[in-house]
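Worksheet: the structure to be examined is printed underneath.
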Amino acid sequence: MGPHQEWCDKVRRSYTVWCTGIGYQPRGCEIYPRRPPREDNGRGGTEAGRKHGPGCVCLEANITKGGTGMGIRIDSIGISESIEDKSGFGTRDMIKEAGEKCLAKSRYTREDIGVVINVSVYKDHDFAEPALATFVQNDLGINSHKENTQDPKTLSFDVLNGAMGFLNACQLVGAMVDSGKARAGLVVSGDMVDYDIHERGSRPGFYMSGTAMILDSVTDGIGFNSFYFRKFVELQDKYESYIFYDNKKLSMVLEKDPSLERIYLNTVVKSVTEFITANGISLDSFDLVIPPQVSPDFVASLSDLLGLDTGKVIDVTKEKGDLFNASLPMAMAHVIDSGRAKPGQKALVINVASGMQVGIATYGF
């Protein structure tokens, strides 16, 4: 089996790829998490589900473990903030600013970037398709004007998976770099809402910003070394968003369960317990814990429930609110730039998103 086939098999196990294209030139790709079979009532993933027969989703089927065998190292991070001070700034503007900062700090050139993944779910100007990553690649001049077919090429696609997209994309970049198809990969996010928010729903509540992260693969224990994804599909309707026409006007509705943060906490605690038990480790073996940057209260509550030393826990939420897809890059940027992490230390990275899903990874510094 060749390296390309190995990478394709890794992707295929967890994702469905949708591509749009005309002739030779692809217009873009979007990767959606593969939905497991569900019962007709849309519920599943419970202990009782084991008795349901065909179509049920047992707990084991909702757990995805995996790693690439190499460390997926963060090479550089770029962040674009304070968009309220930048008139006319949109999703692509935020991502471009963050991307330029990231490239300026990286050891890699634009020609070295073999894959660009956008994880933004909410984009301005009703943008839906083609994949935003293709525009990002062009905006940043990453192998976007090649005439010689032998010159370096870059694959661009979107990963749309709520606030879990960034962690999913890190694993995908690792698989592609590990397969030898790219030297490094760029992951970007720039979630923002410029729709009218319908009064029957909730406010977005997340901090609008642009982030970019370049990753590569190493063998010295540095970087992401394992991933664990846990799905709770029986809770999938606890956080939903959709758009519709209301009086000839496009509006967005965000429906959040009033106890959403408590639900997040319960699923995270259960998933972390499963993860450390399955791996025969303890939380004490980690020097840092990087939780979902949902809110200060959420981070504090999670620390208490897991019995964590607050000195180990990273909290960059401040007054920003939910950092959504920017949670991982902003927290990691703080850890790296502030010198909180020392060589040889390990961090437990935790994420939570709609679906309901929890993602866990280990990272070596």
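Residues 11 to 375, numbered by our numbering, are exactly what the sequence shown covers, in order.
Yeah, the Cβ is synthetic: ideal placement off N, Cα and C, and Gly gets one too.
In this text, all values refer to a predicted model and were calculated from it rather than measured experimentally.
Cut-off 8 Å between Cβ atoms - residues of its own chain near residue i, not counting five sequence neighbours on either side
{"i": "V129", "result": "D168, V169, L170, N171, G175, F176, N178, A179, V197, V198, S199, N335"}
{"i": "D271", "result": "Per the sequence shown, the amino acid found at residue 271 is Glu instead of Asp. Closer than 8 Å at the Cβ level, and outside the excluded window around E271, lie V304, S305, D307, F308, S311."}
Proximal residues to residue i (C-beta, below 6 Å), its chain only, five neighbours per side dropped
{"i": "Q181", "result": "F237"}
{"i": "L150", "result": "G109"}
{"i": "N148", "result": "S154"}
{"i": "V309", "result": "P301, D325"}
{"i": "G100", "result": "D134"}
{"i": "E250", "result": "E265"}
{"i": "V368", "result": "R240, T277, V278, S281, V362"}
{"i": "T83", "result": "According to the sequence as given, residue 83 is Arg; it is not Thr. D226, V228, I232, G233, listed in sequence order."}
{"i": "A111", "result": "Note that residue 111 corresponds to Lys in the displayed sequence, not to Ala. For K111, where only same-chain residues beyond five positions count, the Cβ hits under 6 Å are G88."}
{"i": "A222", "result": "G88, A108, G109, C112, V198"}
{"i": "A173", "result": "F334, N335, A363"}
Environment of residue i [buried if 16+ CB atoms lie within 10 Å]
{"i": "P339", "result": "buried"}
{"i": "K163", "result": "exposed"}
{"i": "E70", "result": "Unreliable placement is indicated for E70, whose pLDDT of 40 sits below 50; the coordinate value is still reported in the next sentence. Exposed, because fewer than 16 other Cβ atoms sit within 10 Å of the Cβ of E70."}
{"i": "T277", "result": "buried"}
{"i": "A138", "result": "exposed"}
{"i": "N158", "result": "exposed"}
{"i": "G290", "result": "exposed"}
{"i": "D122", "result": "buried"}
{"i": "T144", "result": "buried"}
{"i": "G132", "result": "For the sequence presented, residue 132 should be read as Tyr rather than Gly. Result: buried."}
{"i": "P140", "result": "buried"}
Cβ shell of residue i (< 7 Å), same chain only, five flanking positions each side left out
{"i": "I253", "result": "Y205, L260, S261, M262"}
{"i": "L315", "result": "L275, V279"}
{"i": "G374", "result": "G81, G231, I232, G233, N235, K356"}
{"i": "K10", "result": "Outside the shown range of the chain, which is 11 to 375, sits residue 10, and nothing can be said about it."}
{"i": "G331", "result": "G215, F216, Y217, S305"}
Length of the line joining the Cα atoms of residue i and residue j
{"i": "D297", "j": "G124", "result": "32 Å"}
{"i": "P36", "j": "K258", "result": "With a pLDDT of only 34 at P36, under 50, the local geometry of the prediction cannot be trusted, and no value is derived from it."}
{"i": "S292", "j": "K156", "result": "50 Å"}
{"i": "D103", "j": "V203", "result": "14 Å"}
{"i": "Q246", "j": "T372", "result": "26 Å"}
{"i": "I286", "j": "M342", "result": "22 Å"}
{"i": "Y255", "j": "M186", "result": "40 Å"}
{"i": "D85", "j": "T283", "result": "30 Å"}
{"i": "S463", "j": "A288", "result": "Coverage of the chain is limited to positions 11 through 375, which leaves residue 463 absent and any answer about it impossible."}
Any beta strand (DSSP E) of 3 or more consecutive residues that is wholly inside the stretch 79-167: Entirely contained in the stretch 79-167, the beta strand (DSSP E) runs reaching 3 residues are, in chain order, 81-90, 123-128.
The stretch 216-229 contacting the stretch 110-125, beta-carbon criterion three pairs below 8 Å: Here the stretch 216-229 lies against the stretch 110-125, with 3 or more beta-carbon pairs under 8 Å apart.
Any 3 or more C-beta pairs closer than 8 Å across the stretch 308-328 and the stretch 230-245: At 8 Å Cβ cutoff, the stretches do not touch.
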